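Participant: With my numbering applied, the sequence shown corresponds to residues 1 to 261, in that order. Don't be surprised by glycine CBs; every beta carbon is placed ideally from N, CA and C. Just so you know, these numbers come straight off a predicted model, no measurement behind them.
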Amino acid sequence: MSLAPVMFISHGSPMYGLAPGIAGQQLNEISGLFDQSSAIVVISPHWMTRGNAITHSREPGILHDFGGFPKALYELTYPAMGQPELAQTIQTLLAQKGVQVHLDPRRSFDHGVWIPLLHLRPEADIPIVQVSLNVDATPEDLVDLGSHLYSLREQGVAIIASGGLTHNLYDIQMKHQKVADYAARFELWVTEQAQKRNLKALQNASVKNPDFKPSHPTPEHYLPLLIAMGATTKEDEFSQLTSPIQHHSISMTSFLWQGTS
1 MSLAPVMFIS
11 HGSPMYGLAP
21 GIAGQQLNEI
31 SGLFDQSSAI
41 VVISPHWMTR
51 GNAITHSREP
61 GILHDFGGFP
71 KALYELTYPA
81 MGQPELAQTI
91 QTLLAQKGVQ
101 VHLDPRRSFD
111 HGVWIPLLHL
121 RPEADIPIVQ
131 VSLNVDATPE
141 DLVDLGSHLY
151 SLREQGVAII
161 ASGGLTHNLY
171 DIQMKHQKVA
181 DYAARFELWV
191 TEQAQKRNLK
201 ALQNASVKNP
211 DFKPSHPTPE
221 HYLPLLIAMG
231 ATTKEDEFSQ
241 LTSPIQHHSI
251 SMTSFLWQGT
261 S
């Protein structure tokens with residue numbers, strides 16, 4: 001039986017919704033890999049909570065959780081349905097592992113969810129359940145969370161962690177030509193560790209690699225990668241969706257894992 005895929009998607013600026021570029025094109029090109037997925041679980045750094053939470057609504061809607069952008073960006077929609085039954089399944093699954101989860105019937109999908117999916121599944125035809133990023137979790141906890149979610153892949157549920165391999169908003173430049181050296185080095189280093197499935201290095205990136213801090217002044221866009229890694233195994237086929245670093249310091253490179261059980 002085929003396993004549903006896992007992705008880590010660098011979602012960049014909200015303007016990604018209007019200007020997909022190479023990264024958006026690449027997502028669209030692999031859309032067919034999700035044709036057999038019954039649902040998608042998404043983790044985004046734009047929903048951070050104390051403890052773990054899951055969206056629990058049939059029609060959650062979307063959040064335009066950003067400001068100062070062109071009007072056209074606020075007119076974008078992504079009418080994907082939620083799946084409360086899956087949210088309850090995940091709650092039960094995690095409770096069996098000793099992880100308590102709150103079901104949130106009011107939470108809508110933030111832009112870390114719907115903007116990349118706008119390019120990956122433009123038809124908005126696959127139900128989505130969003131899992132929050134628990135600010136109290138250690139890197140090891142996040143890998144464990146991914147491993148707890150692994151069994152969902154056997155049921156046809158894809159897992160997407162949304163974030164960014166580099167995400168320094170303090171060092172943005174409007175032009176794309178010049179890339180920050182630290183961003184290029186860190187993107188390459190993370191890719192090498194992900195290819196080797198070096199979980200220890202990735203869990204300890206903040207102390208293992210001096211480029212972590214300039215690449216991530218705050219870590220929330222990096223941490224979803226650990227959940228994605230936990231949801232994979234060494235049998236999965238790893239591939240990289242390479243896209244140029246934007247605005248000097250914002251990685252748009254994404255990872256994909258495919259496998260069979």
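1. Assign residue 28 to one of three DSSP states: helix, strand, or coil.
2. So the candidates are 163, 180, 32, 196; which of them puts its Cα closest to the Cα of residue 170?
3. Which of the three DSSP states is assigned to residue 69 in this structure?
4. In terms of residues, what are the limits of the alpha helix (DSSP H) holding residue 84?
5. Have a look at residue 183 and residue 164 and give me their C-alpha separation to the nearest angstrom.
6. Secondary structure at residue 2, three-state DSSP: helix, strand or coil?
7. Closer than 8 angstroms is the cut-off here; do at least three beta carbon pairs connect the segment 240-255 with the segment 9-20?
8. Classify residue 135: buried if its beta carbon has 16 or more other beta carbons within 10 angstroms, exposed otherwise.
9. Would the segment 114-122 count as touching the segment 183-193 if we require 3 or more Cβ pairs under 8 angstroms?
10. If I follow the unbroken alpha helix (DSSP H) through residue 227, where does it start and stop?
11. Return the chain-ordered list of same chain residues with a C-beta closer than 6 angstroms to the C-beta of residue 80, the five sequence neighbours on each side being excluded.
12. Which stretch, first to last residue, makes up the beta strand (DSSP E) that contains residue 191?
13. Return the chain-ordered list of same chain residues with a C-beta closer than 7 angstroms to the C-beta of residue 112, the five sequence neighbours on each side being excluded.
14. So what does DSSP say about residue 110, is it helix, strand or coil?
15. For the alpha helix (DSSP H) that contains residue 148, what are its first and last residues?
16. DSSP state of residue 45, grouped into three classes?
17. DSSP has residue 7 in a bridge; who is on the other side?
18. Comparing alpha-carbon positions, which option in 205, 168, 206, 220 lies nearest residue 248?
19. DSSP three-state call for residue 203: helix, strand or coil?
20. Residues in its own chain within less than 8 angstroms of residue 75 by CB, not counting five upstream and five downstream?
21. State the Cα-Cα distance for the pair residue 145 and residue 73, rounded to the nearest angstrom.
22. State yes or no: is the C-beta of residue 55 within less than 8 angstroms of the C-beta of residue 82?
23. Answer yes or no: do residue 23 and residue 174 have a C-beta to C-beta separation smaller than 8 angstroms?
Facilitator: In terms of the structure at hand:
1. By one-based count along the sequence shown, residue 28 stands at place 28. Note: residue 28 maps to helix in three-state DSSP.
2. Here residue 170 refers to the residue found at position 170 when the sequence shown is read from its first residue. The option with the nearest alpha carbon to residue 170 is 180.
3. As a first step, residue 69 is located in the sequence shown; it is residue number 69 there, counting from the start. Reduced to three states, the DSSP call for residue 69 is coil.
4. Looking up residue 84 in the sequence shown gives position 84. First-last of the alpha helix (DSSP H) with residue 84: 84-96.
5. The residue given as residue 183 occupies position 183 in the sequence shown. The residue given as residue 164 occupies position 164 in the sequence shown. So the two alpha carbons sit approximately 11 angstroms from each other.
6. Position 2 of the sequence shown, counted from the first residue, corresponds to residue 2. The answer is strand: DSSP assigns residue 2 an E or B state.
7. yes
8. Locating residue 135 in the sequence shown gives position 135, counting from the first residue. Residue 135 comes out exposed.
9. no
10. The count along the sequence shown starts at 1 and reaches residue 227 at position 227. Counting along the chain, the alpha helix (DSSP H) containing residue 227 begins and ends at 224-230.
11. Numbered from 1 along the sequence shown, position 80 holds the residue referred to as residue 80. Taken in chain order, the residues that qualify are 124, 128.
12. Here residue 191 refers to the residue found at position 191 of the sequence shown. Where residue 191 is concerned, there is no enclosing beta strand (DSSP E), although the alpha helix (DSSP H) it sits in stretches over 181-196.
13. Taking the sequence shown and counting its residues from 1, the one referred to as residue 112 is at position 112. Excluding sequence neighbours, residue 112 sits near 11, 44, 45, 46, 162.
14. Numbered from 1 along the sequence shown, position 110 holds the residue referred to as residue 110. Residue 110 falls in the coil class under three-state DSSP.
15. Here residue 148 refers to the residue found at position 148 when the sequence shown is read from its first residue. Its alpha helix (DSSP H) spans residues 139-153.
16. Taking the first residue of the sequence shown as 1, we reach residue 45 at position 45. The answer is strand: DSSP assigns residue 45 an E or B state.
17. Taking the first residue of the sequence shown as 1, we reach residue 7 at position 7. The partner list for residue 7 (beta bridge, DSSP) reads 160, 256.
18. Walking along the sequence shown from the start, residue 248 turns up at place 248. Nearest of 205, 168, 206, 220 to residue 248, Cα basis: 168.
19. Within the sequence shown, the letter at position 203 stands for residue 203. Three-state DSSP puts residue 203 in a helix.
20. Translated into positions along the sequence shown, residue 75 becomes position 75. So the list is empty, once near-sequence residues are dropped.
21. As a working mapping, residue 145 is identified with position 145 in the sequence shown. As a working mapping, residue 73 is identified with position 73 in the sequence shown. Each residue's Cα considered, the two are about 33 angstroms apart.
22. Your numbering for residue 55 matches position 55 in the sequence shown. Your numbering for residue 82 matches position 82 in the sequence shown. Result yes, Cβ atoms of residue 55 and residue 82 sit closer than 8 angstroms.
23. Reading the sequence shown from its first residue, position 23 is the one you call residue 23. Reading the sequence shown from its first residue, position 174 is the one you call residue 174. Their beta carbons are not under 8 angstroms apart, which means residue 23 does not touch residue 174 by this criterion.
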